[in-house]
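Contents: one structure, followed by commentary.
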Amino acid sequence: MRKNKLLALGLAALMAASVAGCSTPSASVDDTKAAESGSDSSQSAAAGEKIFRYSNTADIATIDPDKTNSVADATVSYHIYDGLYRNVQGELQPATAESYEVSDDGLVYTFKLRQDTKWSDGQTVTAKDYEYGMKRLCDPAAACPASYLGAVLKNGAKVSEGELPVDELGVKALDDFTLEITLENPADYFVSMTSMSAFMPVREDLVEKYGNEFGGSADKQVYNGPFVVTEYANGKVELAKNPDYYDNEKISLDGVEILTVADQTTAVSMFDAGELDLAEVPTELAAQYEGKTQSYYSGADDYAALNHRNKYLANKNLRLAMNYAVNREEYILLTHNGLYQANQRYVLPQVRGVDGEYGTEYPLEAFPLQGDLDKAKECLAAAGYPNGIDVVFTQDSSDTYMAPAEIMQAQLAKVGINVTFEKLQRSVWIDTVSGNRQ
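See below:
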C-alpha cells in the first residue's frame, strides 16, 4: 500500500468533509417538571431572584463576538449583544435597527438604527461600532476564526486574504445612526445573518485599550444586549439583567448562569436534582425522558474540516472519495441512535432563507446519504491512490469527539483510506485548527 501522510483538521465530531454533517434536532430537558409541580425552577431560593441555569459541554472560549467559533460561544453572545436584527424562533425582528432599505440591484442595504441603544458603560451604540466590528472581523491582523462569514460583504474575501486593505470592505457608517452595507453579490438572506455574533457591534476604543485582553474577562468588555457578564471564569459564566437595555421591560429574568458540564449524563442528573433548569439529553437517555423533552435544531454539524493547503487534500478527487465513502445514515445510527438528521452540506437546511428555510429555497443533493463505495473507490483511483492512502486526523482527544471520529475511521477504511489520529487536548486542538497547521 502506498504510504502518504496528510492532515485533516477535525472540527466538532468528525463527519465526512465540510459539505457533510448532521443537522441536529437535539433533545433537551426543560423546566416542564417544575411547571407541573407549581414551582419556579428559575427562582433562586437564596436571593429571591429569577436566575435561569443551563449547561454547556465545553468552556466558553471567548465573549468577543468577532472571535466566537462555537455554538456555546455564540449562544452567550446572543444573550449579551444585540445585532441589527434578532432571530426569534425563526422570525426576524428588528433589534438595534429600526428599518432597512435595499437598492434595486440587491447589493446595497441601508439600515436606520435606533437612537436609544446604550452600551453597558452608558455610551450610545452607533453605526460606527457596527462598521468597526465588521471590518475587524475581516481584518487578517485580527485573526478572527469566522472571518469567512464576511465574504458576503463587498471585497470581504479579498480583505480577509490580505489582498485589499480593510477600508475597501463594503461597510460604512453614513452618520451616527445610518449604516450602509454593500454585498459582494445579491444575497436575500443577508438580513438574517445580521443576528449572528460575527456581525455584532464592537467598540474600537476598548479593543485599542485592552489589545489581546479585550473580552478576556467580564470587565474588559461592554455589552448592548439584554444581559451583561458579571463573571467569566472557572467553567462558569454569570449574566445579570442589563438595566440600560432598550427593551428591558420584556426581560423577565434577573440573570443567567451557564456552567460547563462536560458529561451530558451528569448534566441531566443535575437537572433532576434541581441544579439546572435546562439540560441537553444525550441520545442514549432520550427514551427515558420521552414526553419531557423538546427537540430543536442546535445549529451544530458533525463534520471534518479538510486542510486544502495540504498537497494531498488539494486533490479534489481525494476529497470526493472521502465524501462518497461516508454513510451518513449509518453514522447517525451508530453515534446518535438515529435521532439526528442526516445532512448533505455544512449549511443547515433549517437556517432562515429569504421567506422560508434555506434548504427549501436553495435545495442541494450532494452525496448519497448511504454513501457510494464504488464511486469512492473510483475517485480514489482518479486521485492517484488505487491501492489506498494513509490519512492523519488531528483530533480533540476527549471521548465526546473521539467516539464519532472512530465511526468515520471505520467507514473510510472500507475504500482504502486508512485513518490514524493525532490526539490533542482541546485547547491545543482549537489553536491548531484556528492556525490551520499544515
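Just so it is clear: in the sequence shown, position 241 is 261 by the numbering used here, and no numbers are missing.
C-beta atoms are modelled at their ideal positions from N, C-alpha and C, and glycine is treated no differently.
Small disclaimer: the values here were computed from a predicted structure and weren't measured.
Quiz item: For S417, which of helix, strand or coil comes out of DSSP?
Solution: coil
Exercise. Give me whichever residues DSSP pairs with D195 in a beta bridge.
Key: T198
Quiz item: With burial defined as no fewer than 16 other Cβ atoms inside 10 Å of the residue's Cβ, what is the status of G436: buried or exposed?
Solution: buried
Exercise. Tell me, please, whether the region 131-145 touches the region 252-266 by the rule of three or more beta-carbon pairs shorter than 8 Å.
Key: yes
Quiz prompt | Neighbourhood of A207 by C-beta, 7 Å cutoff - its chain only, sequence neighbours within 5 removed | solution = V172
Quiz item: What's the C-alpha gap between V412 and K434?
Solution: 16 Å
Quiz item: Where L384 and Q364 are concerned, what is the direct C-alpha to C-alpha distance, given to the nearest angstrom?
Solution: 8 Å
Exercise. Taking P369 as the reference, give the member of R446, G379, D375 with the closest Cα.
Key: G379
Quiz item: Among the residues of its own chain, which have a CB less than 7 Å from the CB of I271, if the five just before and after it don't count?
Solution: P246, K261, Y265
Quiz item: Exposed or buried, what is R106 when buried is set at 16 or more other beta-carbons lying within 10 Å of its beta-carbon?
Solution: buried
Exercise. Return the first residue and the last residue of the beta strand (DSSP E) that L259 is part of.
Key: 256-261
Exercise. Express the C-alpha separation of Y382 and G376 in angstroms, rounding to a whole number.
Key: 10 Å
Quiz item: Would you call Q314 buried or exposed, if buried means 16 or more other Cβ atoms sit within 10 Å of its Cβ?
Solution: exposed
Quiz item: On the three-state DSSP scale, how would you describe I409?
Solution: strand
Self-check item: Cβ neighbour criterion (16 or more within 10 Å) applied to A66
Solution: With a pLDDT of only 48 at A66, under 50, the local geometry of the prediction cannot be trusted, and no value is derived from it.
Quiz item: Where DSSP assigns a beta bridge to P114, which residues make up the other side?
Solution: Y105
Quiz item: Is F72 helix, strand or coil by DSSP?
Solution: strand
Quiz prompt | Integer-rounded CB distance, given that A287 should sit under 8 Å from A299 | solution = 4 Å
Quiz item: Which word fits R156, buried or exposed, when buried means at least 16 other C-beta atoms lie within 10 angstroms of its C-beta?
Solution: buried
Quiz item: How about V249 and I71: do their beta carbons lie closer than 8 Å?
Solution: no
Quiz prompt | Start-to-end residues for the beta strand (DSSP E) that takes in A147 | solution = No beta strand (DSSP E) holds A147; the alpha helix (DSSP H) holding it covers 147-158.
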